[in-house]
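> Provided herewith is a single structure, encoded as structure tokens, for subsequent inquiry.
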Amino acid sequence: MAVSAHSSSISTRWHRAVRNRIPTVVTIMALLAIWQVWVAVAHPDPALVASPTDIAASIARTWPTLGPATWTTAYEGLCGFLIAVAVGIPLGVAVFRSSTVDAALMPPLTAAQTLPLIAITPLLLIWFGFEPIGKIVIVAVFALFPIAVQTVRGLRAVPSFYADVALTCGATPRWTLWHVQLRVAARQVFGGIRVSAAYVFATAATAEYLGARSGLGIWLQSAYNSFQTPLIFAAAVMIMALTGVLMLAVHAVERCVLGAPDSRENPDADE
């Protein structure tokens, strides 16, 4: 009977998730249809606009070269993102626990975020080279800040009585941090992770555009130089697809770690 109830709960959540995605899918399909019809009716300059069917055909036709370029960008973006998560959360914790670390590290990190990507990328490429490691470092640097900042904000927003109760019950400060404060702040931490995930592949492609041997950035540069508009759109579609997959993965991990959204809304709710 318990198994049946659990299966029913899973089925309900699955149907709810599918139902929540229907408006998004319908909107995307409608926009694509409008785009396709407009191109067919208005006949714009092919050098300026490509139809969705032309873009799909370009992806299929050039996949033997587009696929490896996509893989390169995916590898660089994902590696940089994982490094940013692995460093950003502990950094946020360190800033939260130490005013000295806060004063020493947050101003340089904040200053680094104010620099345009196009300004700092050439310098990092000179330091780390045109191999993937250079792009991975660039992605990690730019993805690190939102994760660290949201970790700090989440921890500072936790009511003090959570820690007070845990410490009164005999918990150590370390245990209280990892099992109480971070647990309550986890939703905001994941918010920072989602922000970073939204642009890691675009950052990697931009870095490739400025200097690389392969990747979607080089693909974009080649398509731009040859006025191949469908290929430019094809690269953009691949970047959006990579971003969408990563965002879904982050969402899945968040649900596995924190449970359903309504159970995260109230930290006092029973698990």
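If you're matching positions, the sequence shown starts at -2 in my numbering and goes up one per residue. For glycine and all other residues, C-beta sits at the position ideal for the given N, C-alpha and C.
Three-state secondary structure (DSSP) at Leu245?
Here residue 245 refers to the residue found at position 248 when the sequence shown is read from its first residue. Helix at Leu245.
> Along the chain, where does the alpha helix (DSSP H) containing Asp51 start, and where does it finish?
Start at 1 with the first residue of the sequence shown, and residue 51 comes out as number 54. Run containing Asp51: 49 to 94, per the alpha helix (DSSP H) assignment.
> In angstroms, rounded to a whole number, what distance separates the CA positions of Val250 and Arg180?
The sequence position of residue 250 within the sequence shown is 253, counting from 1. The sequence position of residue 180 within the sequence shown is 183, counting from 1. Taken atom to atom, the span from the alpha-carbon of Val250 to that of Arg180 is near 14 angstroms.
> Just checking my contact of Ile86 with Thr173 at CB under 8 angstroms: how many whole Å lie between their CB atoms?
Taking the first residue of the sequence shown as 1, we reach residue 86 at position 89. Taking the first residue of the sequence shown as 1, we reach residue 173 at position 176. In fact, because the Cβ distance is near 17 angstroms, the residues do not count as touching under 8 angstroms.
> Expressed to the nearest angstrom, what Euclidean distance is found between the alpha-carbon atoms of Ala154 and Trp175?
On the sequence shown, position 157 is the one that residue 154 refers to. On the sequence shown, position 178 is the one that residue 175 refers to. Ala154 and Trp175: Cα-Cα distance of roughly 15 angstroms.
> Under 8 angstroms between C-beta atoms, does Val197 make it to chain D?
Absence of chain D from the displayed structure is noted, only one protein chain being present.
> Could you name the residues of the same chain whose beta carbon sits closer than 8 angstroms to that of Ala100, not counting the 5 residues immediately before and after it, in chain order?
Stepping through the sequence shown from its first residue, residue 100 is reached at position 103. So the list is empty, once near-sequence residues are dropped.
> Does the Cβ of Val23 have 16 or more other Cβ atoms within 10 Å, making it buried, or fewer, making it exposed?
The residue given as residue 23 occupies position 26 in the sequence shown. Counting the other CB atoms within 10 Å of its CB gives Val23 a total below 16, which places it among the exposed residues.
> Report yes if the CB atom of Leu121 is closer than 8 angstroms to the CB atom of Gly131, and no otherwise.
Reading the sequence shown from its first residue, position 124 is the one you call residue 121. Reading the sequence shown from its first residue, position 134 is the one you call residue 131. For Leu121 and Gly131, yes; Cβs fall inside 8 angstroms.
> Are three or more beta carbon pairs between the stretch 205 to 215 and the stretch 64 to 81 nearer than 8 angstroms?
yes
> Measuring alpha carbon to alpha carbon, tell me which of Phe78, Ile19, Ile52, Pro20 ends up nearest Ile229.
Residue numbering aside, residue 229 sits at position 232 when the sequence shown is read from its first letter. Among Phe78, Ile19, Ile52, Pro20, the Cα nearest to that of Ile229 belongs to Ile52.
> According to the neighbour-count rule (16 or more other Cβ atoms, all chains shown, within 10 Å of its Cβ), is Ala37 buried or exposed?
Within the sequence shown, numbered from 1, the residue matching residue 37 stands at position 40. Exposed, because fewer than 16 other Cβ atoms sit within 10 Å of the Cβ of Ala37.
> Short of 8 angstroms in beta carbon distance, which residues of its chain neighbour Phe127, apart from the five on each side in sequence? Order them along the chain.
Counting from 1 along the sequence shown, the entry for residue 127 is found at position 130. Result list for Phe127: Gly208, Ala209, Arg210, in chain order.
> Give me the Cα-Cα distance between Gln185 and Leu239, rounded to the nearest whole angstrom.
For the purposes of this step, residue 185 is taken as residue 188 along the sequence shown, with counting starting at 1. For the purposes of this step, residue 239 is taken as residue 242 along the sequence shown, with counting starting at 1. When rounded, the distance between both Cα atoms is 23 angstroms.
> If we ignore side chains and look at the alpha-carbon of each, how far apart do Ile190 and Val247 end up?
Within the sequence shown, the letter at position 193 stands for residue 190. Within the sequence shown, the letter at position 250 stands for residue 247. Cα to Cα, Ile190 sits roughly 8 angstroms from Val247.
> Label Pro61 either buried or exposed according to how many other C-beta atoms from any shown protein chain fall within 10 Å of its C-beta, with 16 as the threshold for buried.
By 1-based counting over the sequence shown, the position of residue 61 is 64. Looking at its Cβ environment, which holds fewer than 16 other Cβ atoms inside 10 Å, Pro61 is exposed.
> State the DSSP-derived secondary structure class of Leu213, mapped to helix, strand or coil.
Position 216 of the sequence shown, counted from the first residue, corresponds to residue 213. Leu213: helix per DSSP, three-state reduction.
> Taking only three categories from DSSP, how would you classify Arg261?
Locating residue 261 in the sequence shown gives position 264, counting from the first residue. Its pLDDT being 44, under 50, Arg261 is placed unreliably in this model, and the value from its coordinates should be taken loosely. In this structure, Arg261 counts as helix in the three-state DSSP scheme.
> Excluding the five sequence neighbours on either side, which residues of its own chain have a C-beta within less than 8 angstroms of the C-beta of Pro129, listed in chain order?
Position 132 of the sequence shown, counting from 1, holds the residue named residue 129. Answer for Pro129: Thr69, Tyr72, Glu73, Cys76, listed in chain order.
> Can you grab the Cα-Cα spacing for the pair Ala145 / Leu88, in whole Å?
As a position in the sequence shown, residue 145 is number 148, starting the count at 1. As a position in the sequence shown, residue 88 is number 91, starting the count at 1. The alpha-carbon atoms of Ala145 and Leu88 are separated by roughly 6 angstroms.
> So, with DSSP's three-state summary, where would you put Ala202?
Walking along the sequence shown from the start, residue 202 turns up at place 205. In the structure shown, Ala202 sits in a helix (DSSP, three-state: H, G or I).
> Are the CB atoms of Ser193 and Ala140 within a distance shorter than 8 angstroms?
Within the sequence shown, the letter at position 143 stands for residue 140. Within the sequence shown, the letter at position 196 stands for residue 193. Taking 8 angstroms as the Cβ cut-off, Ala140 and Ser193 qualify as a contacting pair.
> How would you call Ile115, buried or exposed, if buried means at least 16 neighbouring beta carbons within 10 angstroms?
Translated into the one-based positions of the sequence shown, residue 115 becomes position 118. When all chains shown are included, Ile115 counts as exposed.
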